[in-house]
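Data block below; observations after.
There are 2 protein chains.
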Amino acid sequence: MKIAIVGVGAMGSRFALMLHKSGNDLVLIDGWQPNVQAIRQQGLQADFNGKAVTANIPVYSLEEVDQLQGYQPELIIAFTKSYQLDSAFAKIKALITPQTYVLCLLNGMGHESILKKYVDDNHLLLGITMWTAGLAGPGHATLFGNGNVELKNFGSEGKDFALKVVDVFNDAGLCPKYIDDPKYAIWRKACVNGTLNTLCSILDCNIGELGQTQEAADFLKTIIAEFAAVAAQEGVNLDQAEVYQHVDETFHGDIADHYPSMYQDLLKNHRKTEIDFINGAVWQKGKEYGVATPYCTLITQLIHAKEELLGV
Amino acid sequence: MKIAIVGVGAMGSRFALMLHKSGNDLVLIDGWQPNVQAIRQQGLQADFNGKAVTANIPVYSLEEVDQLQGYQPELIIAFTKSYQLDSAFAKIKALITPQTYVLCLLNGMGHESILKKYVDDNHLLLGITMWTAGLAGPGHATLFGNGNVELKNFGSEGKDFALKVVDVFNDAGLCPKYIDDPKYAIWRKACVNGTLNTLCSILDCNIGELGQTQEAADFLKTIIAEFAAVAAQEGVNLDQAEVYQHVDETFHGDIADHYPSMYQDLLKNHRKTEIDFINGAVWQKGKEYGVATPYCTLITQLIHAKEELLGV
Chain Z
1 MKIAIVGVGA MGSRFALMLH KSGNDLVLID GWQPNVQAIR QQGLQADFNG
51 KAVTANIPVY SLEEVDQLQG YQPELIIAFT KSYQLDSAFA KIKALITPQT
101 YVLCLLNGMG HESILKKYVD DNHLLLGITM WTAGLAGPGH ATLFGNGNVE
151 LKNFGSEGKD FALKVVDVFN DAGLCPKYID DPKYAIWRKA CVNGTLNTLC
201 SILDCNIGEL GQTQEAADFL KTIIAEFAAV AAQEGVNLDQ AEVYQHVDET
251 FHGDIADHYP SMYQDLLKNH RKTEIDFING AVWQKGKEYG VATPYCTLIT
301 QLIHAKEELL GV
Chain V
313 MKIAIVGVGA MGSRFALMLH KSGNDLVLID GWQPNVQAIR QQGLQADFNG
363 KAVTANIPVY SLEEVDQLQG YQPELIIAFT KSYQLDSAFA KIKALITPQT
413 YVLCLLNGMG HESILKKYVD DNHLLLGITM WTAGLAGPGH ATLFGNGNVE
463 LKNFGSEGKD FALKVVDVFN DAGLCPKYID DPKYAIWRKA CVNGTLNTLC
513 SILDCNIGEL GQTQEAADFL KTIIAEFAAV AAQEGVNLDQ AEVYQHVDET
563 FHGDIADHYP SMYQDLLKNH RKTEIDFING AVWQKGKEYG VATPYCTLIT
613 QLIHAKEELL GV
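Chains Z and V are the protein sequences, given in the same order. Heads up: the first sequence at position 38 corresponds to 38 in the numbering used here, and the numbers run straight through without jumps. In the numbering used here, each residue carries its 1-based index in the second sequence increased by 312.
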């Protein structure tokens with residue numbers, strides 16, 4: 001498949017390497033110049049489950065997209081930071097024809113309303129991924145463990161192409177699944193990010209340490225309840241007990257000693273977080289629907305205050 | 313005046329030194345053995361506005377109170393940590409006769425309900441102090457700047473003695489004032505602690521840095537509104553705009569570069585905080601009165617989680 005990956009950070013690199021290896025025709029597009037340079041000069045590198053791998057894949061900066069005239073990707077996968085999605089797609093929109101499909105697997109809510117500006121509902125695919133990925137530096141990813149992808153066409157049409165993507169991802173070892181309700185999956189995963197990512201970042205701890213505090217159960221229940229109250233307004237009826245169980249399992253599982261991506265963005269790399277698409281989205285949607293979300297509000301404000309204090 | 317000071321930490325040391333210098337008959341009682349030893353061996357020492365001072369004042373540990381048999385203080389001033397108040401007074405209760413008055417100037421709410429177990433309403437004095445104080449180590453305080461004391465008899469009787477205490481404090485340079493509504497003063501000051509102390513501790517910043525975040529105004533308004541809603545249930549009608557102004561002034565004043573006491577307890581010294589007597593008290597009282605206090609609740613939980621993570 002002819003695939004353009006927009007945003008070649010940690011997760012973009014994983015999908016690029018795995019889809020390249022299984023024989024797809026890829027193009028990479030990224031907004032971070034040192035990353036573009038490194039991939040161009042040394043190839044896209046990774047520590048892939050302990051093995052050093054390199055792939056030579058054409059790469060362009062967002063400012064060089066005009067050089068891709070005539071290249072018509074069947075699929076564009078969005079792996080920018082959430083807050084860069086809109087500006088990145090504004091720059092690549094010339095690549096999008098009426099035949100192009102766009103897949104978004106980003107964490108959090110509200111991406112579809114951005115992408116709908118650039119692509120028709122019936123050419124939009126939504127989903128989540130449980131793969132993890134890290135970035136050691138420009139052009140160099142660290143990729144360990146297992147994961148999966150769940151996706152579906154967002155509009156009423158587009159199922160045939162979604163199933164084609166499932167096949168392509170399957171060949172790449174990405175463990176994809178066509179699901180019936182991507183909005184449910186997105187909200188459910190957002191509960192994981194809206195609890196673990198935020199609280200570990202505020203409290204400066206890893207997932208297992210958070211889970212050992214006496215307050216963990218209350219934190220989770222109250223935050224999940226706010227997500228559920230807002231999700232219900234969008235026709236998504238989260239099973240709060242099941243979601244709690246799902247988040248609670250991480251306290252004792254393989255990733256207990258892991259510092260979530262928001263922690264790494266904020267406390268390690270002093271980068272802007274994606275809070276506005278997680279708890280911040282619940283806060284804003286709650287305001288629209290008249291649903292009180294004080295925990296999500298305070299958490300969003302604390303993360304933003306911390307960003308400012310760290311000079312992000 | 314015959315005065316026993318119970319709790320000779322930073323603030324207890326300030327009052328001890330100033331009241332000793334002006335000629336009162338003092339006894340010190342403290343629960344921290346290294347502190348008792350240091351004061352006994354080297355005297356109570358302080359850096360007092362840049363000048364080294366030492367005072368030799370009798371000192372007893374909480375376990376040695378029986379050695380004070382027959383010593384009858386007219387006034388006992390409580391300067392323990394809030395969470396040690398009950399256990400300390402349980403140990404010194406033999407010193408309290410029907411003639412003894414007890415003065416409490418501690419930050420936060422709920423101390424009167426503890427002290428009422430040991431002394432009659434009409435022998436209880438309540439108030440606040442705006443003095444600051446630090447502790448460099450056992451028996452060694454660091455005392456800078458100016459402050460004042462506001463106090464009143466808690467019961468309907470006791471005004472004569474309260475005015476006597478004002479005179480004694482006045483002679484000691486403690487800038488006291490007899491006020492009409494100590495509960496108002498206590499709630500108003502708790503709003504300062506419930507915003508600055510907590511947020512600086514959660515965000516790891518000083519007062520001025522907090523004030524420079526875009527979120528500061530919202531933090532203050534929402535937290536003060538919760539305090540006011542609960543205070544109203546106790547007949548205290550806080551002027552929220554005035555209290556906001558009062559807290560906001562600290563962002564630009566002399567103490568802008570100061571790290572609040574809770575920050576020092578928690579992040580610097582890894583000691584238990586007094587959160588349960590500030591935002592935690594608002595949360596618990598709110599529960600009793602059926603008043604929602606989500607910000608105070610989440611803040612209390614975050615501080616407790618941080619205590620646990622730091623092994624306090």
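Glycine is no exception: its CB is placed at the ideal position from the N, C-alpha and C atoms.
Tell me whether the beta-carbon of LEU415(V) lies closer than 8 Å to the beta-carbon of LEU387(V). The residue given as residue 415(V) occupies position 103 in the second sequence. The residue given as residue 387(V) occupies position 75 in the second sequence. For LEU415(V) and LEU387(V), yes; Cβs fall inside 8 Å.
Quick one, which residues of the region 531-565 of chain V are near chain Z if we go by CB-CB under 9 Å, in chain order? PHE531, THR534
Can you tell which of LYS189(Z), SER82(Z), GLY43(Z), CYS200(Z) has the C-alpha that lies nearest to the C-alpha of VAL236(Z)? Numbered from 1 along the first sequence, position 236 holds the residue referred to as residue 236(Z). Comparing Cα-Cα distances from VAL236(Z) to each of LYS189(Z), SER82(Z), GLY43(Z), CYS200(Z), the minimum goes to LYS189(Z).
Per DSSP, what kind of secondary structure is CYS191(Z) in: helix, strand or coil? One-based indexing of the first sequence puts residue 191(Z) at position 191. Residue state, collapsed to three classes: helix.
On the DSSP bridge assignment, give the partners of GLY290(Z) in chain order. To locate residue 290(Z), count along the first sequence from 1; it is residue 290. According to DSSP, which records beta bridges pairwise, GLY290(Z) is partnered with nothing at all.
Taking ALA78(Z) and VAL6(Z) to be in contact with their CB atoms under 8 Å, please state how far apart those CB atoms are, rounded to whole angstroms. For the purposes of this step, residue 78(Z) is taken as residue 78 along the first sequence, with counting starting at 1. For the purposes of this step, residue 6(Z) is taken as residue 6 along the first sequence, with counting starting at 1. That belief holds up - the Cβ atoms of ALA78(Z) and VAL6(Z) are roughly 6 Å apart, short of 8 Å.
In angstroms, rounded to a whole number, what distance separates the CA positions of GLN524(V) and ALA4(Z)? For the purposes of this step, residue 524(V) is taken as residue 212 along the second sequence, with counting starting at 1. For the purposes of this step, residue 4(Z) is taken as residue 4 along the first sequence, with counting starting at 1. Rounded to the nearest angstrom, the two C-alpha atoms are 42 Å apart.
Going by Cα to Cα distance, which pick from TRP32(Z), GLY43(Z), TYR289(Z) is closest to GLU64(Z)? By 1-based counting over the first sequence, the position of residue 64(Z) is 64. Among TRP32(Z), GLY43(Z), TYR289(Z), the Cα nearest to that of GLU64(Z) belongs to TRP32(Z).
Are there three or more Cβ pairs, one per stretch, closer than 8 Å when the region 194-201 of chain Z is compared with the region 590-599 of chain V? no
6 Å Cβ shell around PHE161(Z) - same chain, five flanking residues per side excluded: Here residue 161(Z) refers to the residue found at position 161 of the first sequence. The answer, listed in chain order, is TYR101.
Do three or more CB pairs link the region 443-452 of chain V to the region 532-542 of chain V at distances below 8 Å? no
With distances taken from CA atoms, which of LYS393(V), GLN353(V), ASN434(V), ASN482(V) is nearest THR332(V)? Walking along the second sequence from the start, residue 332(V) turns up at place 20. The sequence given here has His at residue 332(V), not Thr. The residue with the shortest Cα to Cα distance from HIS332(V) is ASN482(V).
Is the beta carbon of GLY457(V) closer than 8 Å to that of CYS487(V)? Within the second sequence, residue 487(V) is the residue found at index 175, counting from 1. Within the second sequence, residue 457(V) is the residue found at index 145, counting from 1. Going by C-beta atoms, CYS487(V) is not nearer than 8 Å to GLY457(V).
What residues in the region 371-405 of chain V have a beta carbon less than 8 Å from any beta carbon of chain C? Structure shown: chain C not included; protein chains present are Z and V.
Looking at ASN518(V) and ASP551(V), is the spacing between their C-beta atoms short of 8 Å? Here residue 551(V) refers to the residue found at position 239 of the second sequence. Here residue 518(V) refers to the residue found at position 206 of the second sequence. The answer is no: Cβ separation not under 8 Å.
So does the region 81-96 of chain Z actually touch the region 105-123 of chain Z, counting three or more Cβ pairs closer than 8 Å? yes
Alpha helix (DSSP H) segment containing VAL477(V), residue limits: Along the second sequence, read from residue 1 onward, the residue named residue 477(V) stands at position 165. Element bounds for VAL477(V): 471-483.
Using a Cβ distance threshold of 8 Å, determine whether the region 248-255 of chain Z contacts the region 264-281 of chain Z, with at least three qualifying pairs required. no
How about the region 390-401 of chain V and the region 417-424 of chain V: do they share at least three Cβ pairs that are nearer than 8 Å? yes
Can you name, in chain order, every residue of its own chain whose Cβ lies under 8 Å from the Cβ of LEU447(V), other than the five neighbours on each side? Here the question's residue 447(V) lines up with position 135 in the second sequence. Within the same chain, LEU447(V) has close Cβ partners GLY321, ALA322, SER325, ALA453, THR454.
Proximity of GLU274(Z) and SER82(Z) at Cβ, strictly below 8 Å: Counted from its first residue, the first sequence places residue 274(Z) at position 274. Counted from its first residue, the first sequence places residue 82(Z) at position 82. Yes; because the gap between Cβ atoms is below 8 Å, this pair is in contact.
Rounded C-alpha distance that separates PRO294(Z) from ILE128(Z): For the purposes of this step, residue 294(Z) is taken as the residue at position 294 of the first sequence. For the purposes of this step, residue 128(Z) is taken as the residue at position 128 of the first sequence. Distance between the alpha carbons of PRO294(Z) and ILE128(Z): 26 Å.
Hey, is TYR295(Z)'s beta-carbon within less than 8 Å of any beta-carbon in chain V? For the purposes of this step, residue 295(Z) is identified with residue 295 of the first sequence, where counting begins at 1. Taking Cβ atoms only, chain V reaches closer than 8 Å to TYR295(Z), which makes this a yes.
Beta-carbon within less than 8 Å of PHE277(Z)'s beta-carbon, same chain only, minus the 5 sequence neighbours each way: which residues are those? Counted from its first residue, the first sequence places residue 277(Z) at position 277. Counting only Cβ-Cβ distances below 8 Å, and skipping sequence neighbours, we find SER82, TYR83, LEU106, ASN107, GLY108, MET109, GLY110, HIS111.
Give the straight-line distance between the Cα atoms of PRO385(V) and TYR244(Z), rounded to the nearest whole angstrom. Sequence index remark: in the second sequence, residue 385(V) carries index 73 (1-based). Sequence index remark: in the first sequence, residue 244(Z) carries index 244 (1-based). Each residue's alpha carbon lies about 56 Å from the other.
Report the rounded CA-to-CA distance for ALA232(Z) versus SER513(V), giving the unit in angstroms. In the first sequence, counting from the first residue as 1, residue 232(Z) sits at position 232. In the second sequence, counting from the first residue as 1, residue 513(V) sits at position 201. Taking the straight line from one Cα to the other gives about 35 Å.
Using a Cβ-Cβ cut-off of less than 7 Å, give me the residues of the region 427-445 of chain V that come near chain Z, in sequence order. none
Do ILE179(Z) and ALA185(Z) have their C-beta atoms closer together than 8 Å? Here residue 179(Z) refers to the residue found at position 179 when the first sequence is read from its first residue. Here residue 185(Z) refers to the residue found at position 185 when the first sequence is read from its first residue. Cβ atoms of ILE179(Z) and ALA185(Z): closer than 8 Å.
How long is the line joining the alpha carbons of VAL461(V) and VAL477(V), rounded to whole angstroms? As a working note, residue 461(V) is residue 149 in the second sequence. As a working note, residue 477(V) is residue 165 in the second sequence. Rounded to the nearest angstrom, the two C-alpha atoms are 11 Å apart.
Through-space distance from MET442(V) to LEU340(V), alpha-carbon basis: Counted from its first residue, the second sequence places residue 340(V) at position 28. Counted from its first residue, the second sequence places residue 442(V) at position 130. Roughly 22 Å separates the two Cα atoms.
Residues in its own chain within less than 7 Å of ASN347(V) by CB, not counting five upstream and five downstream? Locating residue 347(V) in the second sequence gives position 35, where the first residue counts as 1. So the list reads VAL320, PRO450, GLY451, once near-sequence residues are dropped.
Let me see if you follow: with CB-CB separation under 8 Å, is LEU135(Z) close to chain V or not? Taking the first residue of the first sequence as 1, we reach residue 135(Z) at position 135. No, LEU135(Z) lies away from the interface with chain V (no Cβ there is under 8 Å from its Cβ).
Assuming ALA328(V) contacts LEU356(V) (C-beta within less than 8 Å), just tell me the rounded distance between them. Residue numbering aside, residue 328(V) sits at position 16 when the second sequence is read from its first letter. Residue numbering aside, residue 356(V) sits at position 44 when the second sequence is read from its first letter. Indeed, because the Cβ distance is near 6 Å, the residues count as touching under 8 Å.
DSSP three-state assignment for SER156(Z), whether helix, strand or coil: Looking up residue 156(Z) in the first sequence gives position 156. Residue state, collapsed to three classes: coil.
Are ALA305(Z) and GLU527(V) closer than 8 Å when you measure CB to CB? Counting from one through the first sequence, the residue named residue 305(Z) turns up at place 305. Counting from one through the second sequence, the residue named residue 527(V) turns up at place 215. Taking 8 Å as the Cβ cut-off, ALA305(Z) and GLU527(V) qualify as a contacting pair.
Simplified DSSP state of ASP47(Z), which is helix, strand or coil: Counting from 1 along the first sequence, the entry for residue 47(Z) is found at position 47. Here ASP47(Z) sits in strand by DSSP.
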